[in-house]
Structure formats: structure tokens, C-alpha cells
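In this note's numbering, the protein residues as written are 3 to 374.
For each residue, glycine too, the CB sits at the ideal point set by N, CA and C.
Below: the structure, in C-alpha cells.
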Ligand code: SF4
């Protein structure tokens with residue numbers, strides 16, 4: 003089997019931990035972008051269920067249901083199985099084999115200095131994250147990326163160190179092992195940090211992926227902190243209109259605006275941030291002028307924000323209904339996506355094994371010079 007290196011387009015890979023129903027932060031921070039990338043790249047989007055277990059290993063009962071709920075939202079937000087491969091990580095067991103092989107060559111110090119490692123160990127309470135799996139999850143991420151020979155990984159600024167680690171691991175692997183014969187690779191030449199992927203000959207097993215920076219709009223939750231489900235401040239993509247309106251009503255505003263007659267500043271108000279993302283230009287101008295002059299009240303300002311958010315959510319919720327009524331449709335998409343992903347992953351693993359002299363085909367013993 004040979005890997006599908008002659009890609010027609012550059013390849014993009016991204017995944018998401020299955021946390022169940024998604025919220026506006028996921029939409030703005032990832033899904034909108036993923037839906038655009040589908041028309042420019044060959045895209046692979048996966049449910050990172052093994053990654054969920056690196057922190058939620060003690061109770062796995064909701065992982066499968068959460069995966070489906072999340073994929074309902076993916077499809078509702080425009081991910082198209084005709085244009086992108088949607089699959090479940092644990093259905094492509096080759097990820098685990100490559101994870102193991104990469105873990106053998108990854109120095110511990112590289113993992114200990116990943117910024118999110120320390121940060122999450124300190125911030126996630128009530129779980130023992132002093133596990134082998136948690137320390138090694140960036141290696142699993144590297145395996146996820148490298149097994150598809152991805153050229154680009156769409157990430158926010160905070161995830162760039164993970165892509166950099168993947169590049170370092172790929173480089174280290176390529177230093178130890180090489181393909182027996184050069185092959186034509188569609189990708190970015192080693193040593194290049196930018197530029198369009200092109201076809202070139204290489205004995206390197208893995209191309210080095212590049213981060214594709216996603217412009218991150220600031221999307222606050224109802225309490226003004228970053229929107230996270232676990233903070234209880236999220237507006238879900240599935241929230242019905244009355245729930246969206248109720249959540250907006252309780253949203254914090256510019257603390258300087260104590261009375262209706264006090265002028266405010268939409269630049270420091272979380273509701274202002276929502277307007278910037280979801281409202282049209284006319285509404286934004288009206289809010290900025292009205293807030294600064296105390297010409298409008300926060301109640302009507304929030305109603306306008308809710309109007310625009312509901313306008314975005316209505317078609318998403320409409321498309322989602324089809325999968326809620328027949329979840330099997332989404333499962334079938336994931337099954338056929340996983341089968342397609344597996345073919346590419348298996349081809350890569352053939353090359354990995356052969357470069358490491360672990361191929362599963364018979365090789366006669368090498369004759370030593372001078373032996374009879
Ligand atoms: S008028 Fe709108 S932008 Fe200004 S403080 Fe109130 S909610 Fe915030």
C-alpha cells in the first residue's frame with residue numbers, strides 16, 4: 003500500500019474534544035473557519051475522543067453521546083461530508099500505534115515545557131492529572147497530525163506551541179529514520195516556514211505541518227469571562243430563542259454604567275463584544291453612539307444583540323433537527339469518514355514501519371561480508 007501523498011490540494015487537519023452540545027465560542031472560534039477551509043483545502047476534522055479521556059478517564063459513560071451531539075452541531079454549522087472527511091479518532095487505531103512510536107523518541111523535557119501542561123494541571127481541580135496519558139497528550143496530537151501528512155493545522159495563538167512540538171517530533175523522527183527510496187511528496191519543503199505546498203522528492207517520512215492561525219474574535223460568556231461550558235456562562239447553539247434572550251438579560255455590562263443616565267463604553271462591555279461579532283454595521287453604530295451618550299438603555303441594547311444572535315442560530319438549529327430526529331445519519335457519516343481516514347493512516351503506518359525496519363513483510367537475513 004502506498005500513501006496518498008499526491009494530494010490535489012494542501013491538507014488541513016483539526017479536531018475537537020467531544021464535550022457535547024457546542025456554544026457560540028466554538029462557532030466563532032472554529033466551526034465558521036472550518037466551514038470556509040473546506041473549499042480551499044482537503045480537510046480532515048475529527049472527534050478527539052481519546053483526548054477527552056486524558057482528563058476524563060474516570061467516567062467514560064458520556065463520551066459517545068457527547069461525540070454525536072458535537073457532530074450534529076458540526077453538520078448544522080455547515081461541515082459537509084462531501085467536501086471534508088469527518089471521523090472519530092478511536093475508530094482509526096493507527097493513531098495509537100503512531101502515538102506509541104513517537105512517544106519512544108520524544109524527550110520528557112519537551113512535554114514538561116508545553117505551556118498548557120502546567121496551566122491545566124494547576125487549573126483543573128478535582129482530577130488527578132499526574133498521569134502518563136495526560137503528560138503525553140501532545141504526542142497523541144502530533145500523531146493525529148502526522149499520520150495524515152497534514153500541511154496545515156488551524157489553531158488559535160495559544161495552540162501554536164503544540165504545532166511547533168509536532169514539527170520538532172517530525173524532525174527528530176526524520177533524523178533517525180528515512181524512507182528506503184525517495185518519493186514525491188506534496189507539501190511544504192523541510193526548512194520552509196511559509197509558502198505554498200508543492201511537489202518535491204524526499205526521503206523524509208513526515209512533512210512538517212504549519213499552523214494556520216485562526217483570527218480569534220473575543221467572545222465573552224454571560225459573566226464577561228471567556229465562554230466555557232464549565233463556567234456556566236455559555237450560549238449554546240441549541241438554545242431556543244427565549245433561553246438566548248434570558249441569558250442575554252443576565253449578561254454583565256460596562257460596570258461604569260450604573261444608572262440609565264450614565265454614559266457607557268461598548269469597548270469594555272461584553273455585550274459590545276457580541277455586537278461586534280453578530281450585529282450588522284447599522285446596529286453597531288447605533289449601539290456605540292447610544293451607549294456613549296446614554297441615549298439607549300442596556301435592556302434594549304441586549305435585545306438587539308439577542309435579535310442578531312437568534313438570526314444566526316435559527317438556520318443552524320433548523321439544519322440540526324434532521325440529525326436529532328435520525329442520529330444514525332450522523333453516525334453513518336462518521337463511519338464512512340473513519341473508513342476513508344483509516345486508509346490514509348494505514349498507508350502512512352506502512353511507511354513508518356518500513357522506515358523503522360518494522361515492516362510486517364518477510365525480509366531474508368542480511369549476508370555478512372565474508373560469511374560462507
Ligand atoms: S448600552 Fe450596551 S454596550 Fe453599553 S453598557 Fe449597556 S449593554 Fe453594554
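query: Boundaries of the beta strand (DSSP E) in which residue 86 is found, first to last residue; result: 86-90
query: Closest Cα partner of residue 240 within the set 133, 311, 42, 158; result: 311
query: Straight-line Cα distance separating residue 348 from residue 26; result: 36 Å
query: For residue 146, the three-state DSSP class (helix, strand or coil); result: helix
query: Nearest-residue set for the ligand HEM, Cβ under 6 Å from any heavy atom; result: The ligand HEM is not part of this structure, which contains only the ligand SF4.
query: Beta carbon of residue 181 nearer than 8 Å to that of residue 357; result: yes
query: C-beta neighbour in chain D for residue 82, strict 8 Å; result: No chain D appears in this structure, which consists of one protein chain only.
query: Alpha-carbon to alpha-carbon, residue 203 and residue 22; result: 43 Å
query: Given residue 96 as reference, the closest of 294, 52, 309 once Cα atoms are compared; result: 52
query: Contact set for residue 3: own chain, Cβ-Cβ below 7 Å, skip 5 residues either direction; result: Per-residue confidence for residue 3 stands at a pLDDT of 41, beneath the threshold of 50, marking its modelled position as unreliable; no derived number is given.
query: Cross-strand partners of residue 155 (DSSP beta bridge); result: 213
query: Proximal residues to residue 199 (C-beta, below 7 Å), its chain only, five neighbours per side dropped; result: 12, 153, 188, 189, 190
query: Reduced DSSP category for residue 203 - H, G, I as helix; E, B as strand; rest coil; result: strand
query: Contact under 8 Å by Cβ, residue 218 with residue 229; result: no
query: Coarse secondary structure for residue 74, derived from DSSP in three states; result: helix
query: Beta-carbon proximity list for residue 361, same chain, < 7 Å, skipping 5 on both sides; result: 355
query: Segments assigned beta strand (DSSP E), at least 3 residues, entirely inside the region 27-57; result: 44-49
query: Inter-stretch contact (C-beta, 8 Å, three-pair minimum) for the region 104-116 and the region 65-80; result: no
query: Nonlocal neighbours in the same chain, by C-beta distance under 8 Å from residue 147, ignoring five residues either side; result: 15, 155, 165, 168, 211
query: Counted within 10 angstroms of its Cβ, other Cβ atoms place residue 128 as buried (16 or more) or exposed; result: exposed
query: CB of residue 157 within 8 Å of CB of residue 215, strictly; result: yes
query: Pair within 8 Å by beta-carbon distance, residue 343 and residue 94; result: yes
query: Cα-Cα separation, residue 29 to residue 367; result: 56 Å
query: Environment of residue 121 [buried if 16+ CB atoms lie within 10 Å]; result: exposed
query: Chain-order list of residues whose beta-carbon lies under 7 Å from that of residue 304 (same chain, five-residue window excluded); result: 250, 251, 253, 273
query: Length of the line joining the Cα atoms of residue 224 and residue 65; result: 27 Å
query: Cβ distance (whole Å) where residue 17 is taken to contact residue 50 below 8 Å; result: 4 Å
query: Secondary structure of residue 14, DSSP reduced to three states; result: strand
query: Strand pairing of residue 188, partner residues [DSSP]; result: 201
query: Selected residue, minimal CA-CA separation from residue 278, among 307, 298, 294; result: 307
query: Cβ-based burial, residue 20 [other Cβ within 10 Å; buried from 16]; result: buried
query: Inter-residue Cα distance where the pair is residue 324 and residue 257; result: 42 Å
query: Identity of the residues DSSP links to residue 25 by a beta bridge; result: 238
query: Where the alpha helix (DSSP H) containing residue 119 begins and where it ends; result: 117-125
query: Whether residue 378 touches residue 56 by CB criterion (8 Å); result: Look at the range of the chain in this structure, 3 to 374, and you will see that residue 378 is not part of it.
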